[in-house]
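One structure below.
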Amino acid sequence: MILGCGGYGFMIAAAHRTEEKMLGEFIYVLELIESELQYRLTALPELCVSAATVCSGQLKRAFMLLNKELECQVSPNVEYCVRNVMEKVKLPHHTSELFALLGRSFGRFDAEGQLKGIRYVTAETKRIRTDFSQNQAVRLRSYRTLGVCAGVALVILFI
Numbered sequence: 000m001i002l003g004c005g006g007y008g009f010m011i012a013a014a015h016r017t018e019e020k021m022l023g024e025f026i027y028v029l030e031l032i033e034s035e036l037q038y039r040l041t042a043l044p045e046l047c048v049s050a051a052t053v054c055s056g057q058l059k060r061a062f063m064l065l066n067k068e069l070e071c072q073v074s075p076n077v078e079y080c081v082r083n084v085m086e087k088v089k090l091p092h093h094t095s096e097l098f099a100l101l102g103r104s105f106g107r108f109d110a111e112g113q114l115k116g117i118r119y120v121t122a123e124t125k126r127i128r129t130d131f132s133q134n135q136a137v138r139l140r141s142y143r144t145l146g147v148c149a150g151v152a153l154v155i156l157f158i
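So that you can map any letter, position 100 of the sequence shown is 99 in numbering that gives the first Met the number 0, and since no number is skipped, the others follow by simple counting.
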């Protein structure tokens with residue numbers, strides 16, 4: 000019981016660190032996309048390939064799948080393509096919401112409108128990542144401690 004609850008606390012702490020790392024990667028990808036779009040007017044499927052080359056894990060998979068969705072022209076609606084990708088790729092909660100937000104700004108406006116949308120998503124991602132980073136050590140220690148304490152409490156309750 001103690002190990003199960005303690006393990007859950009450690010798992011939550013690990014998931015928190017994973018999402019913070021992924022948010023950092025997402026910021027880097029968004030800045031790359033903004034530069035590519037602003038200076039080279041790169042097509043959206045090519046932007047997805049460029050994005051996938053600079054990130055890893057599920058985020059890389061998401062951008063590669065988005066590239067395939069866009070190239071196959073499954074739907075001319077980019078937001079719908081992003082939704083299809085989100086059904087296939089499991090991203091952490093905040094990253095998933097930000098990826099969907101990015102999809103809503105892609106392909107809907109002219110280049111300047113898309114740049115504004117990307118800048119907004121970048122600012123929102125930075126804000127969320129800052130929230131994650133503040134007091135992170137204390138928060139993660141609390142998750143682990145609460146997990147162990149919950150396990151101890153359950154053992155005491157059942158005795």
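Idealized CB from N, CA, C, for every residue including glycine. Quick caveat, the model's predicted, so the values are computed rather than measured.
task = Identify whether V84 lies in helix, strand or coil by the three-state DSSP scheme.
result = In the sequence shown, counting from the first residue as 1, residue 84 sits at position 85. Helix at V84.
| request: Label V81 either buried or exposed according to how many other C-beta atoms from any shown protein chain fall within 10 Å of its C-beta, with 16 as the threshold for buried. | output: Within the sequence shown, the letter at position 82 stands for residue 81. So V81 ends up on the buried side.
Which value, in whole angstroms, describes the spacing of the CA atoms of K67 and T144? By 1-based counting over the sequence shown, the position of residue 67 is 68. By 1-based counting over the sequence shown, the position of residue 144 is 145. Answer to the nearest angstrom: the Cα atoms are 44 Å apart.
message: Out of R107, L114 and I26, which one is the CA nearest neighbour of E123?
response: The residue you call residue 123 lines up with position 124 of the sequence shown. Per the Cα distances, I26.
ask   = What is the DSSP secondary structure of K67, counted as helix, strand or coil?
value = Locating residue 67 in the sequence shown gives position 68, counting from the first residue. Here K67 sits in helix by DSSP.
TODO: Can you tell me which of the three DSSP states S141 falls into?
DONE: For the purposes of this step, residue 141 is taken as residue 142 along the sequence shown, with counting starting at 1. It is helical.
query = From this set, Q57, R103, P44 and L114, which residue's C-alpha is nearest Y38's C-alpha?
reply = Working through the sequence shown from its first residue, we reach residue 38 at position 39. Of the listed residues, the one whose Cα sits closest to Y38 is L114.
Exercise for the section: Buried or exposed for T121, please, with buried defined as at least 16 other CB atoms from any protein chain shown within 10 angstroms of its CB. Expected result: Reading the sequence shown from its first residue, position 122 is the one you call residue 121. Result: buried.
Residues of its chain near K87, where Cβ-Cβ distance is below 7 Å and the 5 sequence neighbours each way are ignored = Here the question's residue 87 lines up with position 88 in the sequence shown. So the qualifying residues of the chain are L64.
- Do the CB positions of L46 and I32 come within less than 7 Å of each other? Indexing the sequence shown from 1 puts residue 46 at position 47. Indexing the sequence shown from 1 puts residue 32 at position 33. Contact flag set, yes.
inquiry  = Using 8 Å for Cβ pairs, my map puts R103 next to L22. What's the rounded Cβ distance?
reply    = Here residue 103 refers to the residue found at position 104 when the sequence shown is read from its first residue. Here residue 22 refers to the residue found at position 23 when the sequence shown is read from its first residue. Going by Cβ atoms, the distance from R103 to L22 rounds to 18 Å, so no, they are not a contact pair.
**Asked** Cα-Cα, which of I117, H92 and L101 is closest to F131?
**Response** Taking the sequence shown and counting its residues from 1, one reaches residue 131 at position 132. Among I117, H92 and L101, the Cα nearest to that of F131 is on H92.
request  = State buried or exposed for L36, treating a residue as buried only when at least 16 other CB atoms are found within 10 Å of its CB.
outcome  = For the purposes of this step, residue 36 is taken as residue 37 along the sequence shown, with counting starting at 1. It counts as buried.
- Message: Give me the residue from E78, R16 and G112 with the minimum Cα distance to L97.
- Response: What you label residue 97 is simply residue 98 of the sequence shown in a count that begins at 1. With distances taken between Cα atoms, L97 lies closest to E78.
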